[in-house]
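Here is the structure we will look at.
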Amino acid sequence: MCFGFVPNIIVSSPEAAKQFLKTHDLNFASRPSLEAAKHITYEGKSLTFATYGPYWRNMRKLCTLELLSNLKINSFQAMRKKELSELVNILEDAAQEQVAVDLSSRITSMSSDVSCQMVFWMKFEDKEFDERGFGGVIQEGMKMAVAFNLGDYFPYIGALDLQGMTRKMKDIAKVWDQFLEKILDDHDKPKEHGQTKDFVDTMLGILKSGDSEFEFDRSHIKAILMDMFSASAETSATTIEWTLSELLRHPRVMKKAQKELEQVVGLNKMVEESDLESRGTWPHEAAKYISYDQRNLSFGAYGPYLSVLDLQGLTKRMKAVAKVFDKFLEKILDEHAIPKDPGQTKDFVDTMLDIMKSGVADFEFDRTHIKAVLLDMLAAAVDTAATTVDWTMSELLKNPQIMKKVQNELAEVIGMDKMVDESDLASLEYLDLPLELDMTEEFGLVVTRANHLKATPSYRLHLN
């Protein structure tokens, strides 16, 4: 089938996918030619959009050896620790003053500073790059790269720029080009004796030597530098942002992570990178609870032949729980099966029983399906509601200053002569902060938060 003038093949079976992704992988390894790659990445010369071939293979090898090897990564450990300490100091000040922090901006700034020093060996202020800052320009570029562009599918009308996207992409490209030209000009200056060569120096050396097996000019260097910086800064910041968002959404998980950090690392020092490798499994424990919502690890799920042995005793416990619920739900269904008085309102259970009796459902639907849905609704509603209220009250009691702010808002907005109604909750802006967290996504090459993550920190370290 064709999208505009671009032929497309839809892969809809595992066998076909294997042919594309494994058997004929090299034939389909290159990305399609896009307007975004043309305007932003110097005619597609970056690793992200370059055609698979000698240039792509050698550039990947160079980036791996000169920038991404363990030796190089470890050499910047002190710098990363310094940047992280500066962020912790900012959070400590905010915790003392009990003010909210724009974590998205702070994390993006820290990530950009780290990436700048790793790739360019120097640190830049956001205003030296553009008024939108590193994060703003990178995110805008990544959104442009995946946005629907008529010019990609109808080349003949691409020059008209009906959506205004070409103008925006050229604007982003101009910002990057001016910044990267400044970097290259600074590195072209003679170095002092004994000064260490960095990643930019290495690529300039390849350019000047003329020994490369492929076309390699100044635009290739700028495309690779843009790739390395954007990929490292944006992906790292986005990962940290979403991790913190999930921890804030799941107070139980946050509590478990904090407890494990306290037990394994302690509160009298910051977590070192070496702790991540040698101090037990605390990061993996947090990830496990976030990803699987505290499901028990059952041998039966991974070794079905062992499940009949019930080595962990889980099957016995699950059957006991199922028996209790089944007895309770059967009683509910029996009561609802009794004929109702005329005019009596039907509830959710009545509706599902009517569907079962009518036989009009497009799928198998019997008594067990009704009980399963009721169990879902009951358990989810009771557990999530109670847990949310429980942890919100726990956090308020643990932080008297925040409790005071909530009490003041209640007194000012609602008054002390009436109870709070559900309709009043929309007007309580400060109280809403710990109760609801916006998790809206924004689509791009990297899926980021649509709105910045903001939170009031509590400082727990006891540093000398």
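Residue numbers (UniProt numbering): 1 to 464.
Every residue, glycine too, gets a C-beta built ideally from N, C-alpha and C.
Owing to the predicted nature of the structure, the values given are computational and were not obtained by experimental measurement.
Cβ-Cβ distance between residue i and residue j below 8 Å
{"i": "residue 226", "j": "residue 41", "result": "yes"}
{"i": "residue 405", "j": "residue 100", "result": "no"}
{"i": "residue 110", "j": "residue 84", "result": "yes"}
{"i": "residue 234", "j": "residue 169", "result": "no"}
{"i": "residue 26", "j": "residue 52", "result": "yes"}
{"i": "residue 158", "j": "residue 164", "result": "no"}
{"i": "residue 452", "j": "residue 102", "result": "yes"}
{"i": "residue 107", "j": "residue 241", "result": "yes"}
{"i": "residue 134", "j": "residue 112", "result": "yes"}
{"i": "residue 374", "j": "residue 349", "result": "yes"}
Same chain, Cβ closer than 6 Å to residue i, neighbours up to 5 away in sequence not counted
{"i": "residue 20", "result": "11, 28"}
{"i": "residue 48", "result": "227"}
{"i": "residue 81", "result": "none"}
{"i": "residue 461", "result": "267"}
{"i": "residue 238", "result": "446, 448"}
{"i": "residue 128", "result": "none"}
{"i": "residue 370", "result": "352"}
{"i": "residue 414", "result": "420, 424"}
Closer than 7 Å: residue i CB and nearest the ligand GDP heavy atom
{"i": "residue 270", "result": "The ligand GDP is absent from the structure shown, which contains no ligand whatsoever."}
Residue i - DSSP class collapsed to helix/strand/coil
{"i": "residue 7", "result": "strand"}
{"i": "residue 316", "result": "helix"}
{"i": "residue 64", "result": "helix"}
{"i": "residue 48", "result": "coil"}
{"i": "residue 123", "result": "coil"}
{"i": "residue 80", "result": "helix"}
{"i": "residue 101", "result": "strand"}
{"i": "residue 218", "result": "helix"}
{"i": "residue 86", "result": "helix"}
Residue i, buried or exposed, once every other Cβ within 10 Å from all chains shown has been counted against 16
{"i": "residue 223", "result": "buried"}
{"i": "residue 338", "result": "exposed"}
{"i": "residue 2", "result": "exposed"}
{"i": "residue 345", "result": "exposed"}
{"i": "residue 329", "result": "buried"}
{"i": "residue 320", "result": "exposed"}
{"i": "residue 94", "result": "buried"}
{"i": "residue 149", "result": "buried"}
{"i": "residue 173", "result": "buried"}
Close Cβ partners of residue i (< 8 Å) along its chain, the five nearest in sequence each way excluded
{"i": "residue 379", "result": "none"}
{"i": "residue 367", "result": "333, 356"}
{"i": "residue 184", "result": "200, 204, 218, 221, 222"}
{"i": "residue 198", "result": "120, 121, 187"}
{"i": "residue 231", "result": "48"}
{"i": "residue 86", "result": "110"}
{"i": "residue 161", "result": "151, 167"}
{"i": "residue 67", "result": "118, 119, 199, 228"}
Residues of its chain near residue i, where Cβ-Cβ distance is below 7 Å and the 5 sequence neighbours each way are ignored
{"i": "residue 54", "result": "213, 214"}
{"i": "residue 46", "result": "223, 224, 226, 227"}
{"i": "residue 396", "result": "402, 403, 406"}
Residue i versus the options, residue with shortest Cα-Cα distance
{"i": "residue 126", "options": "78, 161, 98, 176", "result": "176"}
{"i": "residue 457", "options": "78, 259, 91", "result": "91"}
{"i": "residue 144", "options": "442, 463, 18", "result": "442"}
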